[in-house]
Amino acid sequence: MKKKILFFAMMITVFGTINAQKNFHNFTVKDINGNDYPLSQLKGKKVLVVNTASKCGLTPQYEGLQELYEKYGGDNFMIIGFPANNFANQEPGSNDEIATFCKVNYGVAFPMMSKVSVKGDDQHPLYKWLTTKSENGLEDSKVTWNFQKYMIDEMGNLVGHFSPKTKPGNDKILSWINE
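In this text, residue positions in the sequence shown follow numbering that gives the first Met the number 0: the first is 0, and each later residue adds one.
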């Protein structure tokens, strides 16, 4: 009898591990210089994930993102940008061109990642996770335009998202950061 109980306990543990949902910290992405950037290094921090573009009407949000990063970035909060060319060819540049644009025009100091696709057949696996409830455990969503913002808690769980038009200094974003 004890062997049967032990066997069933082990099977529950194995199946629980197999079915455990992936979280944000399980991903490794490439930074804008092509280096591996394990998102596990952000454990314990809230993270705002933003898909960016340099030729968009919302591009001035880089300024607000940088201000947010300067004020709150550090031990408890991080912003990471993912350039994407999914909307009206508004991010056509190379990673080098994007990095230069961000630094020269907006003084961006928060981590920028390599250009990815945030929707479609070539959607980056992280964005598939961010937008698919069966993967993130919270909600289905669509990236509707540049500068959509996803909120990740300290444990690597998706906790919600904001539309592209929501400015970085929005009261709801600030409230979430300061919770």
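C-beta atoms are modelled at their ideal positions from N, C-alpha and C, and glycine is treated no differently.
If you look at isoleucine 78, you'll find it in the beta strand (DSSP E) that goes 76-82.
Secondary structure note for threonine 130: it is in no beta strand (DSSP E), and the uninterrupted alpha helix (DSSP H) holding it is 124-130.
Residues of the same chain with a CB within less than 6 Å of the CB of leucine 38, apart from the 5 flanking positions on each side, are Phe23, His24, Phe26 in chain order. Within the same chain, Met77, Ile151 come within 6 Å of valine 46 by CB-CB distance, once the 5 residues on both sides are set aside.
For threonine 51, the enclosing beta strand (DSSP E) has its first and last residue at 45-51. By the C-beta density criterion, threonine 99 is exposed, having fewer than 16 other C-beta atoms within 10 angstroms.
In summary, glutamine 40 is exposed, with fewer than 16 beta-carbon neighbours lying within 10 Å of its beta-carbon over all protein chains present.
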